[in-house]
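**Q** Positions in the sequence shown are counted from 1; adding 1 to them yields the working numbering.
Even glycine gets a Cβ: it sits at the ideal position worked out from N, Cα and C.
Attaching a single structure in structure tokens format; questions to follow.
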Amino acid sequence: MFGESFHQDVIRFRIDFAKYLLLTTSYSPSVIGFECGYRDEKYFFRQFRQVTGTTPSSYRNGEFGNKDQSV
């Protein structure tokens, strides 16, 4: 995306992959965070919520939040 730093691009890529895994697998949100490169579960949950406006579990249940509604 234009105007974003490389670090922001990496975060967006990781969260997009996490959203995909949440909707297509039965892995727990903690495992998905690890698979997406997060070694700290709380940090993954915090970043996911910052980007999407909801928690990983809520996203899986169809509650997409107010920031991001697409996969």
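By alpha-carbon positions, which one of S59, R61, Y28 and T53 ends up nearest to F14?
**A** Walking along the sequence shown from the start, residue 14 turns up at place 13. The candidate whose alpha carbon is nearest that of F14 is T53.
**Q** Among residues of its own chain, excluding the 5 on either side of G38, which ones have a beta-carbon nearer than 8 Å to its beta-carbon?
**A** Taking the first residue of the sequence shown as position 1, residue 38 is located at position 37. So the qualifying residues of the chain are R15.
**Q** Put R61 into one of helix, strand or coil per three-state DSSP.
**A** As a working note, residue 61 is residue 60 in the sequence shown. The answer is helix: DSSP assigns R61 an H, G or I state.
**Q** T42 and S58: beta carbons closer than 7 Å?
**A** Position 41 of the sequence shown, counted from the first residue, corresponds to residue 42. Position 57 of the sequence shown, counted from the first residue, corresponds to residue 58. Checking the displayed sequence, the identity of residue 42 turns out to be Glu instead of Thr. No, the pair does not count as a contact, with Cβ atoms beyond the cut-off.
**Q** Quick one: is G34 buried, meaning 16 or more other Cβ sit within 10 Å of its Cβ, or exposed?
**A** In the sequence shown, counting from the first residue as 1, residue 34 sits at position 33. The residue in question, G34, is buried, as its Cβ has 16 or more Cβ neighbours within 10 Å.
**Q** Expressed to the nearest angstrom, what Euclidean distance is found between the alpha-carbon atoms of Y28 and T55?
**A** Numbered from its first residue, the sequence shown carries residue 28 at position 27. Numbered from its first residue, the sequence shown carries residue 55 at position 54. Cα-Cα distance, rounded: 18 Å.
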